[in-house]
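Okay, structure first, notes after.
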Amino acid sequence: GQQVMQIPQYQHVQEGEDFTTYCNSSTTLSNIQWYKQRPGGHPVFLIQLVKSGEVKKQKRLTFQFGEAKKNSSLHITATQTTDVGTYFCAGARLTGGGNKLTFGTGTQLKVEL
Amino acid sequence: DTAVSQTPKYLVTQMGNDKSIKCEQNLGHDTMYWYKQDSKKFLKIMFSYNNKELIINETVPNRFSPKSPDKAHLNLHINSLELGDSAVYFCASRDVGNSPLHFGNGTRLTVT
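Protein sequences appear in the order of chains Z and V.
Position 53 of the first sequence, counting from 1, maps to 83 under the working numbering, and the rest follow consecutively.
Position 69 of the second sequence, counting from 1, maps to 70 under the working numbering, and the rest follow consecutively.
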């Protein structure tokens, strides 16, 4: 079945440092979504990428979709303590049952002062 | 107004018991899901219903039985609970196509 891996699994940074998480799918995706889960919370949608090579920005966050639509990345510039949480990519592919989202393994980010 | 609400928030029970988790969404979405998140934060889809019809049923023990009385509700019943069932269970809903998932606050199930 489809697998979506993320690296690293954990990342500790000092506030102000940059952070990147990478997402790799075993199959070609129709689109990819990114979610953030704060400690003790639930996943919250951040963004969706659809086109090959697409780049989108949200303030300090930059999202990229690979040319082959099998990988993606999330880069945070100058991390803040509010960035703490687990970041998930979720790859979508068409199946007989419709669009199926498979979540990546997640990257847990800790930001220290 | 809570868009996707699940009850209970916490559930502590003993092995062998049967328990249910309820989920309701007021977003008018056609599709609802159950996800299981383990202690390593891995999020795994369990079931998906579209307008009360089961469309995704991953490899889940048949002790888990979802029920959708209408498209706004998706409940999860678990029979003969085991230690390995301890996890956080999230309900989610989405509109058609590639729209984002909206998650409930989760139910932390602890089986002792």
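Glycine included, C-beta positions come from ideal geometry on N, C-alpha and C.
Beta-bridge pairing of residue i - partner residues as DSSP gives them
i: Gly115 of chain Z; result: Z:Leu139
i: Lys68 of chain V; result: V:Asn76
i: His42 of chain Z; result: Z:Lys140
i: Asn61 of chain Z; result: Z:Ala122
i: Glu84 of chain Z; result: Per DSSP, none; premise fails for Glu84 of chain Z.
i: Leu131 of chain Z; result: Z:Ala122
CB of residue i within 9 angstroms of CB of residue j, strictly
i: Asn131 of chain Z; j: Ser102 of chain Z; result: Before going further, note that residue 131 of chain Z is Leu rather than Asn in the sequence given. Not closer than 9 angstroms, so no.
i: Ile79 of chain V; j: Phe91 of chain V; result: no
i: Gln138 of chain Z; j: Lys53 of chain V; result: no
i: Lys89 of chain Z; j: Ile77 of chain Z; result: no
i: Phe49 of chain Z; j: Trp64 of chain Z; result: no
Distance between residue j and residue i (C-alpha atoms, nearest Å)
i: Lys68 of chain V; j: Gln38 of chain V; result: 20 angstroms
i: Gln46 of chain Z; j: Asn63 of chain V; result: Residue 46 of chain Z is actually Gly in this sequence, not Gln. About 48 angstroms.
i: Ser60 of chain Z; j: Gln15 of chain V; result: 42 angstroms
i: Glu84 of chain Z; j: Glu97 of chain Z; result: 8 angstroms
i: Gln119 of chain Z; j: His42 of chain Z; result: Per the sequence presented here, residue 119 of chain Z reads as Cys, with Gln not at that position. Cα to Cα, the separation comes out at about 19 angstroms.
i: Ser49 of chain V; j: Tyr40 of chain Z; result: 29 angstroms
i: Leu55 of chain V; j: Gln26 of chain V; result: 17 angstroms
i: Val34 of chain Z; j: Thr135 of chain Z; result: 7 angstroms
i: His74 of chain V; j: Ala4 of chain V; result: 12 angstroms
i: Lys100 of chain Z; j: Asn58 of chain V; result: 24 angstroms
i: Pro70 of chain V; j: Ile22 of chain V; result: 14 angstroms
i: Ser82 of chain Z; j: Thr112 of chain Z; result: 30 angstroms
Contacts around residue i, its chain only, beta-carbon distance under 8 angstroms, and the 5 residues preceding and following it disregarded
i: Lys10 of chain V; result: Asn106, Gly107, Thr108 and Arg109
i: Leu28 of chain V; result: Ala4, Val5, Ser94, Asp96 and His103
Contacting residues, own chain, Cβ-Cβ under 6 angstroms from residue i (five flanking each side not counted)
i: Thr92 of chain Z; result: His105
i: Arg68 of chain Z; result: Gly115
i: Glu142 of chain Z; result: Gln44
i: Val13 of chain V; result: Thr111
Contacting residues, own chain, Cβ-Cβ under 7 angstroms from residue i (five flanking each side not counted)
i: His30 of chain V; result: Ser94, Arg95 and Asp96
i: Ala88 of chain V; result: Lys37, Gln38, Asp39 and Leu110
i: Asp86 of chain V; result: Ile79, Leu110 and Val112
i: Arg123 of chain Z; result: Gln32, Thr57, Leu59, Ser60 and Lys130
i: Asn18 of chain V; result: Leu82
For residue i, three-class secondary structure by DSSP
i: Gly121 of chain Z; result: strand
i: Leu124 of chain V; result: Beyond the ends of chain V as shown, which are 2 and 113, falls residue 124 of chain V; an answer cannot be given.
i: Leu82 of chain V; result: coil
i: Ala93 of chain V; result: strand
i: Arg90 of chain Z; result: coil
i: His72 of chain Z; result: coil
i: Leu28 of chain V; result: coil
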